[in-house]
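Residue numbers (the numbering used here), protein chains in the order written: chain Z, 2 to 361; chain Y, 2 to 361; chain L, 2 to 361; chain C, 2 to 361.
All residues carry an ideal CB built from backbone N, CA and C; glycine is no exception.
Notes to accompany the following structure.
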């Protein structure tokens, strides 16, 4: 288990837990983000950083931003080294975490999966969208969906957390107050979402070359994006009737950031939308409702774990529009994963996450 | 009037019209685009290029891309020189064209206004949105709205053309086939539109600095954008009942391009949407419907006068999504203006506009 | 041979040559640029566009910017179809053109190679830098180095043209006036060059992903870039003593454009540098010397075949600095290739190349 | 004076100094960077943030990235509030700090000036380049040039620190090891430097609009940049003979980052350059020499206070090339200013500066 010692923090004394951390598949963009946050996390200690392809290479040779901060080299994934950790993060492509999670849990290691393996409760839906046979459907029930603002209590007790997708985090945080309050027609929701290119990951593909995406804008995955069932699952949980959702992702010529413009028809036009949103997130450290009339920009949360929201009713009509922005690699991935780790290990939720977006 | 001579074009003989052109306010981005197209237009001759602030400066000193192509210097606007032209383009801020157009028309000069002065038929609506008193409301009736694909016949005979806004061009071309066919509910249209930064013009403002817009994405003008009444006016003309439209513009960190994702609820789900769109634009030289399943990218039309469209029905539901892309400075401004000029002077509509987007 | 007919061009009559064109390897960025220029070239006709991997695919499916302009599909390369062309362009990786050129020449087809196979006269130097055995060293003597401004006469008579590299075009055009005039010390030339990412080509590699190059700047190939021997070969031809050259390429987070800042020590500080440069390029259609005090920007020539130069002497010292900008895909590749074709077939040198850079 | 209390830091006990901080002119990019670092600095407390134009506006309204981190509003600058601080940072245009510094020093307040007012020792040189009369030349002698790696001891005792310019930091850190070791000819140094656009500041000017700088590259200030005398002053201090320096700045289409490629002729080609650089900076927390053969990228230090260097000798010739990268707003401005503050107040030099660059 995690090492414990005490230190004084002014007058308060609190057990400092040194959490031994492993990361599987740390050569992608969510992996290097995990490294950025964990390298400076005062209560975490990086023990194992795996990459089959780059085993033996110093982490800082691949990611020179980590020089002076991470001394480890990548190692081939092995149950020996991983099972000596308190928690293992999977920053792997879909289909990997599900093959190792069972054994890690048996070894007493907690697991936070940043891939999609444990996000969908209905294994048939998962297998339909991800075109694989699930390797351990028996763990789907236990897995806690790690949207901290919604599942905080369950996460605190979880052994296995399914870290939400980037789009699902923004879309759910934006729609949930309206659905919970029952003030919109759940039948025709529209989520017009835009993502920076890092959402596509770090892999050698023509479609995400600089010269292919820069100075251009388009919708993509117009036949259906895998985050659709994840979002629908989350919204259905709080909606009286199953939601009808059109989810359309777009690619923005920038590195980081997701912006979602969410449209719904108001069933109750007397509701004070601004008040509803402010009340919903008043106590959240990482969700922030802007004053009325402002529109959130992705740069305001670039590199930070914050999600900024705004709500408006154009021309006073019966359509409500919610705007949500987040950094897809942070609140949409690695930052939320660290937030989950903090909850799972009883350290203050914001530990290691006090990063201010660098502007400009 | 325009000079006329004859030349042989293979076997065909056609009168070549040398159109004497003036441009008022050519130091903005739509102005320099006009210069790019007109400098190489085989039947146009640049005579006067005005700028009060830069009078005396060679055009190519301000715009070195025009070295070897434009030898003129900017001159202060004067009725003397402008009235010697066959056509005058206004590439000015809103509120200028309306003060000079009457006199030019009287002098027998045709006018193509790229600003918003003559786009809205209802002067009260115009004055509400543009916060000015209109200087010549008596010309609003005569002004022809220059969306070539819709008003071709009227443009051919027009003395005064109101060149459409950039967003209105894309949104109308996308929604019109659906409204005309009567297959959507006109009451809840959503136009989620994204524009490159050049749409904001060339002016010294903090909000469009490179460091303010690059690597970020946001909705803007969320309280109401001036293109809303222009779009609504155009859609209402073909809709049985007035449309209900939510129009939300967003700023993309790129120079050129507009992408519109248009959402509507189908009232008739049996319609063959692909066929409907292909039929609607089969004979249009500058509107192009992509094969089913493709999503248009702004870069495919960057620098060119084409608008590319696609249509789909996500998950086979009752929501139809239309995608439209154009270059906001070309089909959304200067290119369409030249297209209008061609129509007004009886030269082939594509003359001077055969430009292929440079990819990448 | 090329088809010939006559048309009247005002009063002049000139034989219009319809040049039948083949392109080998047209799925890269120089390939699609060739297509852009040749599709609108009034005296060229695209006959064959090859790609082994994409055979059967319509060209416009891969490059939607060419919809309505190119109706061909990619075909597998075959000597049958290529030998029916008047000229074949190779837009292939290094090492391909040299395996097919001999046979094409025998079939009476002219060849313009945009790769490096025929650029270096000394086969040992070539084999050292390109790490291959040359397949037809016997053609190296015949091959004409296609820097039009230097070798115009030879190009006019050539069967085989080695189209220059992108950096070598800019660096040679910048240094040559100084070396010819004998006013600099040739022993310590420095070429600090910067290129947009398209210079690296269209291939699935991590290093040129948007997220790897955007918002960053670096020198690359610091151990030695393959354009070094090509530049040195060109400069040595006009220098009294072999040049000592430090060539350092850098990667700019933009798609297109090369800027070179060239430094040399003046051996003669009385020379009128501005005059020297203006005199050197006064009659060149595609090389343009800016007025004293101006600094050329890559965007001024983006998409066009122009090279803009400027020269200065900082603080009046003994160091001369020359600035050169070009579009690496145009004057640095496809545009210059078309310029070479025009020379080889006796059509006016600027035919099909009258493109004004779109600004912004 | 600064408040002092004690806390335990594991076994060590150290006085925690709460430094009361004022910032004059905090609405520019160096200002908001100061706010980012100081908001999370454990031993600093923001007291006064001035802006004449935005007095009364909450800081987080202008800079939404600071929501939840900075509660202050901008106030008009007043000696009353500023003189209650322990240190005042000037993030103002040149010419402001020199009018207030004298009074602040008299009030016992330390001053760190991020503008150029106190960087040049020779007032005539300053007045020539900055085209102003200096308001307090009598302070120039006392002012310590705040390049921490060079002047650490003096900074520790300073009341007034002139924070170096962005280019001068990179160029001096790169050239100094060579000049100190006496292994290069100081007579013909070339500094080809490239900067992101934020170096031009946050002001409404056409030349730094997104559409003017994006997708382009150019040299600028080719007639002479103000950082030239500052660099020369620094290099002359360690060179046996005055240096001859050609300094050429270029604008990169990115927000942050400076890269310098520095060229010199080796007078001693036997020196082990890699060893020389590693030895020079072995103990520096914020200067990092990359392994031989690597080239530093600006993104590796984006948002962080690190400067990364590399050195090479192309083709084993007698030219040495040094590469330096830094974030112009951090090590080139606000980060170095905080580093200076730490030194001046005796807190560990890296306090508040442990930020890892977010990659990608």
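- Close to residue 361 (chain C), with beta-carbon spacing below 7 Å, are these residues of chain Z in chain order: 30, 199, 256.
- One Cα belongs to residue 263 (chain C), the other to residue 155 (chain C), and the distance between them is close to 28 Å.
- Chain-ordered listing is empty here: chain Z has no CB closer than 8 Å to the CB of residue 332 (chain Y), the nearest sitting near 15 Å.
- Taking a Cβ-Cβ threshold of 9 Å, the residues of chain Z close to residue 206 (chain L) are 205, 210, in chain order.
- For the alpha helix (DSSP H) assignment, the uninterrupted runs of no fewer than 4 residues enclosed by the segment 199–270 of chain C are, from N- to C-terminal side, 211–214, 228–237.
- Counting only the Cα atoms, residue 324 (chain C) lies some 6 Å from residue 261 (chain C).
- For residue 341 (chain L), same chain residues with a beta-carbon under 7 Å away, outside a window of 5 residues either side, are 113, 147, 149, 156, 162, 164 in chain order.
- Within the segment 294–313 of chain C, those residues whose Cβ lies closer than 9 Å to any Cβ of chain L are, in chain order, 294, 295, 296, 297, 298, 299, 300, 301, 303, 311, 313.
- Residue environment analysis places residue 251 (chain C) among the buried positions, since at least 16 neighbouring C-beta atoms fall within 10 angstroms of its C-beta.
- In the DSSP secondary-structure assignment, residue 20 (chain Z) is bridged to Z:45.
- Put simply, of L:287, L:347, L:296, L:292 the residue whose alpha carbon is nearest the alpha carbon of residue 356 (chain L) is L:287.
- Relative to the Cα of residue 266 (chain C), the nearest Cα in the group L:190, L:282, L:75, L:293 belongs to L:190.
- Scanning its chain for C-beta atoms nearer than 6 Å, with the 5 sequence neighbours on each side dropped, one finds around residue 229 (chain C) the residues 248, in chain order.
- Cα atoms of residue 207 (chain C) and residue 359 (chain Y): separation of roughly 26 Å, rounded to the nearest angstrom.
- Beta-bridge annotation (DSSP): residue 51 (chain Y) is paired with Y:25, Y:76.
- Checking the DSSP bridge columns, you'll see residue 185 (chain Z) partnered with Z:267.
- Contact annotation: in the segment 61–75 of chain Y, residues whose CB is within less than 7 Å of a CB in chain L are 64, 65, 66, 67, 68, 69, 70.
- Near chain L, meaning a CB-to-CB distance below 9 Å, the residues of the segment 34–53 of chain Y are 34, 36, 37, 38, 40, 41.
- According to DSSP, residue pairing for residue 313 (chain C) in a beta bridge involves C:322.
- If you ignore the 5 residues before and after residue 312 (chain C), its C-beta comes within less than 6 Å of the C-beta of 274, 278, 323, all in its own chain and listed in chain order.
- Residues of chain L whose Cβ lies closer than 8 Å to the Cβ of residue 233 (chain C) do not exist; the shortest such Cβ separation is about 10 Å.
- In the three-state reduction of the DSSP assignment, residue 356 (chain C) falls in the coil class.
- A distance below 7 Å between beta-carbons, with the five flanking residues on each side excluded, links residue 184 (chain Y) to the following residues of its chain, in chain order: 267, 268, 269, 272.
- In this structure, the straight-line span from the alpha carbon of residue 118 (chain L) to that of residue 32 (chain Z) is close to 41 Å.
- The alpha-carbon of residue 276 (chain Y) is positioned some 10 Å away from that of residue 290 (chain Y).
- For residue 214 (chain L), the residues of chain Z that pass the 8 Å Cβ criterion are 211, in the order they occur in the chain.
- Pairing residue 209 (chain Y) with residue 201 (chain Y) gives a Cβ-Cβ distance under 8 Å.
- In the three-state reduction of the DSSP assignment, residue 70 (chain Y) falls in the coil class.
- In the three-state reduction of the DSSP assignment, residue 161 (chain L) falls in the strand class.
- When the beta-carbon positions are compared, residue 173 (chain Z) and residue 235 (chain Z) come within less than 8 Å of each other.
- Residue contact check for residue 358 (chain Z) against chain C: a CB pair falls below 8 Å.
- Rounded to the nearest angstrom, the gap between the Cα atoms of residue 138 (chain C) and residue 124 (chain C) is 7 Å.
- Taking a beta-carbon distance threshold of 8 Å, residue 278 (chain L) does not count as an interface residue toward chain C.
- The three-state reading of DSSP puts residue 308 (chain L) in strand, counting E and B together.
- Residue environment: residue 307 (chain Z) is assigned as buried (16 or more neighbouring CB atoms within 10 Å of its CB, all protein chains considered).
- Each of Z:176, Z:294, Z:245 was checked against the Cα of residue 282 (chain Z), and the nearest Cα belongs to Z:176.
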